[in-house]
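**Q** Residue numbers (our numbering): 154 to 384.
Below are the C-alpha cells for one structure; questions will follow.
Printed below as a string of C-alpha cells:
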C-alpha cells in the first residue's frame with residue numbers, strides 16, 4: 154500500500170539525520186596550531202651545532218626557513234621573504250646530500266673564482282650566503298626590538314630592524330617599496346596572537362631563540378668579512 158506523503162517525508166528526514174550524524178562522527182577535528190608550534194623554530198635552531206669549521210649547512214638552512222616563515226604572518230613582507238627563501242634554496246641545492254658547512258661551500262668557490270664576481274652571481278653559495286645572512290639579520294633585529302621595546306608598534310619594530318640591517322644595501326627604489334609595504338603589517342597584538350598562546354609565551358620563546366640564532370649569524374658575518382665578501 155502506498156504510504157502517505159508525510160510518512161515518506163518523515164523517513165527521508167530520519168535517514169538524512171542519520172547520515173549527517175554518521176558523517177560528523179567520522180569527521181576530523183582540526184586544531185589550529187600557533188606559529189611557534191607549527192614551525193618548530195626553537196627546536197630547529199637548537200639543532201644547529203657549530204663546529205670548528207663553521208656552521209653546518211643542512212640544519213642551519215632548515216632553521217633559517219623556519220624563522221623566515223614568520224613573514225607569512227606579516228602582510229607586506231612577501232618581497233623580503235621571497236628573496237630569503239630563494240637564497241636558502243640556492244644553498245640547499247649546492248649542499249645536496251653532503252654534511253658540509255656554509256663556510257666550506259664558499260671556500261670551494263673562492264678557490265676557483267673571484268670574490269667580486271661570485272658576489273654578483275645569484276647562483277653561487279657566496280652570493281646566496283651573503284644576502285641570506287643580511288636578511289636573517291633583519292629578522293633578528295626585528296625580534297630584538299620587540300624584546301627591548303614591549304610597547305612599540307610592530308611597524309616601528311620592522312622599521313628599526315630594517316634600518317639596522319638591509320637598508321644600507323638597498324637603493325632608493327627598494328627602500329621606497331619597503332616603506333610602502335610596511336604599512337600593510339598587522340598590529341603587534343595580532344602578530345603575537347598568531348605566534349603563540351600568550352604574549353608571555355611568545356616573548357619567552359623569542360628570548361630563547363634569538364641568542365641561538367645570533368651566534369650562527371655572527372660566525373657567518375665574521376667569515377664573510379674576513380674573506381672580503383661583506384663590507
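Cβ atoms here follow ideal geometry from the backbone N, Cα and C, with glycine treated the same way.
#1: If you count every other CB in all the chains shown that lies within 10 Å of the CB of residue 209, and 16 or more means buried, which is it?
#2: Taking the runs of the beta strand (DSSP E) that are 3 residues or longer, which of them lie wholly in the region 195-242?
#3: Would you call the region 193-211 in contact with the region 314-324, where contact means no fewer than 3 C-beta pairs closer than 8 Å?
#4: Under 8 Å, with one C-beta from each stretch per pair, do the region 236-247 and the region 271-288 reach the 3-pair mark?
#5: Using only CA atoms, which one of 304, 341, 258, 372 lies nearest to residue 280?
#6: Measure the Cβ-Cβ separation of residue 299 and residue 356 and say whether it is below 9 Å.
#7: Would a C-beta distance cut-off of 9 Å place residue 255 and residue 287 closer than the cut-off?
#8: In this structure, how does DSSP classify residue 340 when only helix, strand and coil are distinguished?
#9: Can you give me the Cβ contacts of residue 383 inside the same chain, cut-off strictly under 7 Å, excluding the 5 residues immediately before and after it?
#10: Would you say the region 365-372 touches the region 261-270, given that touching needs at least three Cβ pairs under 8 Å?
**A** Once the coordinates are examined:
#1: Sequence index remark: in the chain shown, residue 209 carries index 56 (1-based). Buried.
#2: none
#3: no
#4: yes
#5: Indexing the chain shown from 1 puts residue 280 at position 127. It is 258 whose Cα lies nearest to the Cα of residue 280.
#6: Position 146 of the chain shown, counting from 1, holds the residue named residue 299. Position 203 of the chain shown, counting from 1, holds the residue named residue 356. Taking the C-beta atoms as reference points, residue 356 is found nearer than 9 Å to residue 299.
#7: Your numbering for residue 255 matches position 102 in the chain shown. Your numbering for residue 287 matches position 134 in the chain shown. It is not a contact, given that the beta carbons lie outside the stated cut-off.
#8: By 1-based counting over the chain shown, the position of residue 340 is 187. Coil at residue 340, not helix or strand.
#9: Position 230 of the chain shown, counted from the first residue, corresponds to residue 383. The residues are 283, 374, 377.
#10: Contact between the region 365-372 and the region 261-270 is absent: fewer than three C-beta pairs spanning the two stretches fall below 8 Å.
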